[in-house]
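Counting from 1, position 211 in the sequence shown corresponds to residue 211 in UniProt numbering; the numbering is continuous, with no gaps.
Yeah, the Cβ is synthetic: ideal placement off N, Cα and C, and Gly gets one too.
It should be emphasised that the depicted structure is a prediction, and the values quoted were computed from it without experimental measurement.
This report refers to the structure that appears directly beneath it.
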Amino acid sequence: MTGSAPEPTPVPGEISEESRGLPGSPPRGGPAPAGLGRPALLLTFAVGLAVGAVSWLVGEVAEGVFEPERVPAVIRSGVETELITPAASAAATVKNVALSSGLFGAMLGAALGLTGGRIRRSAARGLRAALVGLVSGTVAGTVAALALVTLYYRSYTDFIPKGLVQPLLMHAGIWGAIGAAGGLAFGLGWGGRVQGARGLIGGLVGASLGAAIYEIVGALAFPLGRTFEPTALEWLPRLLARLLVASLAAVGAALVVPGPSRSEKA
């Protein structure tokens, strides 16, 4: 008499591949671990680099959306023409930088919100965090650029500051606000309000560090690139700025966000 082969007995406590997630991430619905594993950190870093590259491409287009206003003028020979005044050029730059910064903030916030939810293995949480990051990143980048670039141009009649302190304060203010919004979104995607606050601080510090590195490298490696201006004259330092800010903001948030909140400890 023949019988069918017995069914394999499942091993107690065995976890399927679908439920494992990234190494270093918690099980679905489980408490947050003390820190992210290396694969999760590398994923966050890669997302930051990707956002930096894509936002640079978008920024290259956005920087020319608003053209400076031309004013009628008469040159010495009596010929009527139209000129672009320094004030008109500065006004157009303020608008273009605000548009570019708002788009940068939107992309970084949305991407890091989704990344936080992906690592925590919660799609719903990631989508909510991405929406928060999209809105807060847009507002943070736009408002910071409008305020700080306007202040920058009003501070110098010749538009050339002395030293790196003033450009650093301007760039760190704009990019720090964007990094803070991205870090907030990552923290909300990972956990709750406590993690969101941690991520905000981590993103702010990381983006500010990226701004500082950019100022130093820009002054040394691109002496003719006018990296002290709101937007550098050459494309390579502009790309460098986006890569540094986005990647370091992402890593900064990822390093400080993990850890159980009070509600999870209870």
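Inter-residue Cα distance where the pair is residue i and residue j
| i | j | result |
| --- | --- | --- |
| residue 70 | residue 87 | 11 Å |
| residue 108 | residue 162 | 31 Å |
| residue 132 | residue 95 | 24 Å |
| residue 171 | residue 106 | 17 Å |
| residue 101 | residue 39 | 29 Å |
| residue 244 | residue 117 | 23 Å |
| residue 181 | residue 200 | 6 Å |
| residue 235 | residue 153 | 22 Å |
| residue 233 | residue 36 | 38 Å |
| residue 63 | residue 93 | 8 Å |
| residue 196 | residue 130 | 12 Å |
| residue 257 | residue 193 | 11 Å |
| residue 42 | residue 222 | 29 Å |
| residue 220 | residue 51 | 26 Å |
Rounded Cβ spacing between residue i and residue j (contact assumed at less than 8 Å)
| i | j | result |
| --- | --- | --- |
| residue 146 | residue 111 | Not confirmed; about 23 Å, so no contact. |
| residue 204 | residue 183 | 7 Å |
| residue 246 | residue 48 | 4 Å |
Counted within 10 angstroms of its Cβ, other Cβ atoms place residue i as buried (16 or more) or exposed
| i | result |
| --- | --- |
| residue 174 | buried |
| residue 155 | exposed |
| residue 240 | buried |
| residue 29 | At residue 29, the pLDDT of 47 sits below 50, so the modelled position is not reliable; the number obtained from the coordinates is stated separately. That one is exposed. |
| residue 61 | exposed |
| residue 238 | buried |
| residue 114 | buried |
| residue 178 | buried |
Cut-off 8 Å between Cβ atoms - residues of its own chain near residue i, not counting five sequence neighbours on either side
| i | result |
| --- | --- |
| residue 142 | 98, 99, 101, 102 and 105 |
| residue 126 | 113, 114, 115, 116, 117, 118, 120 and 189 |
| residue 136 | 105, 109, 181, 184 and 185 |
Sequence-distant residues of the same chain with beta carbon closer than 7 Å to residue i, five excluded per side
| i | result |
| --- | --- |
| residue 140 | 105, 177, 178, 180 and 181 |
Discussion item. For the segment 135 to 150 against the segment 207 to 226, do three or more pairs of beta-carbon atoms, one drawn from each stretch, fall closer than 8 Å, so that the two count as touching?
Written reply: no
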